[in-house]
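To start, the structure itself, in structure tokens.
Number of protein chains: 2
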Amino acid sequence: MKIAIVGYGNLGRGVETALLQQPDMEAVGVFTRRDPASLTSQIPAYALKDLPQHEVDVAILCGGSATDLIEQSPDIVRHCNIVDSFDTHARIPEHFAHVDAAAKESDHAALISTGWDPGLFSLMRILGLAVLPNGSVDTFWGKGVSQGHSDAIRRIPGVVKAVQYTIPREEAVARVEQGQGEGLTARDKHLRECFVVAGSEADQEAIRHTIVTMPNYFADYDTEVHFIDEATFDANHTAMPHGGQVIRHGHTSEGTPQVMKFSLDLASNPEFTASVNVACARALYRAYQEGRRGCMTIFDLPLAYLLPISAEELRANWL
Amino acid sequence: MKIAIVGYGNLGRGVETALLQQPDMEAVGVFTRRDPASLTSQIPAYALKDLPQHEVDVAILCGGSATDLIEQSPDIVRHCNIVDSFDTHARIPEHFAHVDAAAKESDHAALISTGWDPGLFSLMRILGLAVLPNGSVDTFWGKGVSQGHSDAIRRIPGVVKAVQYTIPREEAVARVEQGQGEGLTARDKHLRECFVVAGSEADQEAIRHTIVTMPNYFADYDTEVHFIDEATFDANHTAMPHGGQVIRHGHTSEGTPQVMKFSLDLASNPEFTASVNVACARALYRAYQEGRRGCMTIFDLPLAYLLPISAEELRANWL
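From first to last, the protein sequence lines stand for chains A and B.
Following my numbering, the numbering of the first sequence begins with 10 at its first residue and continues without gaps.
Following my numbering, the numbering of the second sequence begins with 10 at its first residue and continues without gaps.
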């Protein structure tokens, strides 16, 4: 199947790396709004506006949710099938409706909001709900880099470089595993640890205060701020590790607790997200070949479709 | 949907408990080869031979693989849709073929080999393979009771009661999580711990020797045998806890390790297996209503089908 990559940031580069490892996929090219000649991609780069002139089975959209995907997904699905990793939870129903309408009008299929959260973590949340309906679920993120929180720090005057690690609190994880997670606050569940390179003239105490009191991002958490020099930052804080866990605790009968847990420990968040999205592109194309049209999510596809392996072989070797 | 339970051992009782908690299911009855009057079920009990006289959407078969399911599944699927938890891995392709043929001839659908292993663990193994194709997977079981190993001990002359716990070795789990699981033997991965009540005349040393040297079951493992009195056994060793973990370790690029892990910690193995099977009955019936016929596995159904919740609600609240 012929796969296009739209956008060439961290996620787009991860998709390129993943695509080149698939036995059944051909990477058509990277499509960008930048000057294609400026890209350092291994596969050919083209202008995004030229995408309709290429034969593409699935385009994997690698832009951001807020400004890119909300417009690109309904637009590009008019030309070909698409996979996106739209992650603005509150706007998923609206985004789904737009993509679904455009896909059906143009006789295409789309899979939105995949990756690991939303994506694999969502799958685990509904699996837990299905198997242990009498129970509760908690998600922990990290230890890992939150791009949104890192960006928020970088916008503070005087900050040269910054990274924010979200860290789950072990005590909270243990409580959830024991079915005692009720009433845990945001502050109870996660710590926020920031490493900041400040300009030589900057007032570090003012920066620290701005960070720890920032509404929505930090005010509701215990936040540690460490000022470090640029060499230390470049040596230790440029990777993008992440991970997390989904824990479902429930009872199948009085006094019979059961716990399901799914966890990820990722050296590279964008490369892992990319690997999920590439497998989802395969699944979507298979559904498309079977005649399915319109918008779907990872909830709607059999997991066998994610693999380039026959049902017989899956049953014989993997069941 | 109208659900029948076939067989009333531990699993059948677990299915009864789970069924009574589902908003969209009606428990038709328990069907047994024993005298129905001898059962202590909460729902009506009938003779298995009378099953065809009842209106049933899905029968959940709760017998053992070796002697019951291998014959019952292809037989009962001629009357109604079925779910089974056939777990003899080597014979799955043969069992699938028999059930598939019988289901297609009678215009029914079947879902075989579900539960947690095979079942949820299988799902996690293929999810790991799909997302991290360049990697390896290891499964650990326990700490939990192995019925097969407990039965093997109980067959030794002089043994009154016995239970065997399979225990994963933490060192092996840690090696797998770090991508260094290659070469681990059966002995490296699991310990076997046995609690035995011996008759007053029995030779405990002979029993111990028979256990630890038993081919297939114990000879390839480090096995601990503890002799205890019957009161201690009854007080501490009659529950059926189990659990385990599936760990996929892979690389998305050189030097970029990624780890996916799914684990279960179960106070009751049969009740949890039953809960999975009940959710699978719902998924199967939904596929049947959409026109699908023949034999399937959990690989072949969208996970959304496991739940009594609309796709809209799943997207809005669970993605």
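We put the CB at the ideal spot given by N, CA and C, even for glycine.
I need the DSSP call for residue i, collapsed to helix, strand or coil.
i: TYR55(B); result: strand
i: THR97(A); result: coil
i: PHE130(B); result: helix
i: ASP197(A); result: helix
i: SER209(B); result: coil
i: LYS113(A); result: helix
i: TYR294(B); result: helix
i: ARG309(B); result: For the sequence presented, residue 309(B) should be read as Asp rather than Arg. Correct three-state label for ASP309(B): helix.
i: PHE149(B); result: strand
i: ASP77(B); result: helix
i: HIS235(A); result: strand
i: LEU315(B); result: helix
i: PRO177(B); result: strand
i: GLY157(A); result: helix
i: GLY253(A); result: strand
i: HIS258(A); result: strand
i: LEU273(B); result: strand
i: PRO279(A); result: helix
i: VAL398(A); result: With chain A running from 10 to 328 in the structure shown, residue 398(A) is simply not present.
i: LEU120(A); result: strand
Once the 5 residues before and after residue i are set aside, which same chain residues still bring their CB inside 6 Å of it?
i: ALA27(A); result: ALA283, SER284 and VAL287
i: PHE242(B); result: LYS170 and VAL206
i: PHE281(B); result: LEU275
i: VAL65(B); result: LYS11, ALA13, VAL37 and CYS89
i: MET305(B); result: LEU120
Under 7 Å Cβ to Cβ from residue i, same chain only, skipping five residues before and after it: list those, please.
i: ILE216(A); result: ILE165, GLY167, VAL168, VAL205 and ALA207
i: ARG295(A); result: TYR314
i: LEU193(B); result: ALA181 and ARG184
i: TYR297(A); result: ASN90 and ALA118
i: VAL108(A); result: SER82, PRO83, VAL86, ALA119, ILE121 and CYS304
If we ignore side chains and look at the alpha-carbon of each, how far apart do residue i and residue j end up?
i: HIS218(A); j: PRO32(B); result: 51 Å
i: ALA248(A); j: THR265(B); result: 10 Å
i: ASP238(B); j: SER209(B); result: 10 Å
i: PHE227(A); j: THR261(B); result: 32 Å
i: THR49(A); j: GLU233(A); result: 37 Å
i: GLY303(B); j: ARG324(B); result: 29 Å
i: PHE308(B); j: THR41(A); result: 36 Å
i: PHE130(B); j: GLN213(A); result: 50 Å
i: GLY128(A); j: LEU120(A); result: 11 Å
i: ALA290(A); j: VAL221(A); result: 40 Å
i: ALA195(A); j: GLY72(B); result: 46 Å
i: VAL154(A); j: TYR230(A); result: 16 Å
i: PRO279(A); j: SER122(A); result: 15 Å
i: GLY23(B); j: GLY18(A); result: 50 Å
i: LEU293(B); j: ARG134(B); result: 21 Å
i: GLY16(B); j: ASP160(A); result: 59 Å
i: LEU57(A); j: TRP150(B); result: 50 Å
i: GLU25(A); j: GLU263(B); result: 14 Å
i: GLU103(B); j: SER277(B); result: 30 Å
i: TRP125(B); j: LEU273(B); result: 9 Å
i: ILE85(B); j: ASP96(B); result: 18 Å
i: ASP93(A); j: LEU78(A); result: 7 Å
How should residue i be labelled, buried or exposed, when 16 other C-beta atoms within 10 angstroms of its C-beta is the threshold for buried?
i: HIS251(A); result: buried
i: GLU180(B); result: exposed
i: THR76(B); result: exposed
i: ARG301(A); result: exposed
i: ALA106(B); result: exposed
i: ARG43(B); result: exposed
i: SER319(A); result: exposed
i: ASP147(B); result: buried
i: GLN173(B); result: buried
i: ASP59(A); result: exposed
i: PRO83(B); result: buried
i: HIS235(B); result: exposed
i: LEU20(B); result: buried
i: GLN267(B); result: buried
Which same chain residues end up closer than 8 Å to residue i when comparing Cβ atoms and leaving out the 5 residues on each side of it in sequence?
i: GLU191(B); result: SER145
Item to check | Short-range partners of chain A found in the region 129-159 of chain B, where Cβ spacing is below 7 Å | outcome: SER131, LEU132, ARG134, ILE135, LEU136, LEU138, ALA139, VAL140, LEU141, PRO142 and ASN143
Next on the checklist: So if I threshold CB-CB distances at 8 Å, which residues from the region 182-208 of chain B count as touching chain A?
Outcome noted: GLU186
Next on the checklist: If the cut-off is 7 Å on Cβ atoms, which residues from the region 245-277 of chain B count as contacting chain A, listed in chain order?
Outcome noted: THR261, SER262, THR265, PRO266, GLN267, VAL268, MET269, LYS270, PHE271, SER272, LEU273, ASP274, LEU275, ALA276 and SER277
Checklist entry - Mind listing which residues of the region 290-315 of chain A have their C-beta closer than 7 Å to chain B's C-betas, in chain order? => result THR306, PHE308, ASP309, LEU310, PRO311, LEU312, ALA313 and LEU315
Checklist entry - Can you list, in chain order, the residues of the region 78-94 of chain B whose Cβ is nearer than 7 Å to any Cβ on chain A? => result none
Next on the checklist: Under 8 Å, CB to CB, which of the residues in the region 90-121 of chain B have a partner in chain A?
Outcome noted: HIS98, ILE101, PRO102 and PHE105
Checklist entry - Got a sec: which bits of the region 40-68 of chain A sit with their beta carbon under 9 Å from any beta carbon on chain B, in order along the chain? => result none
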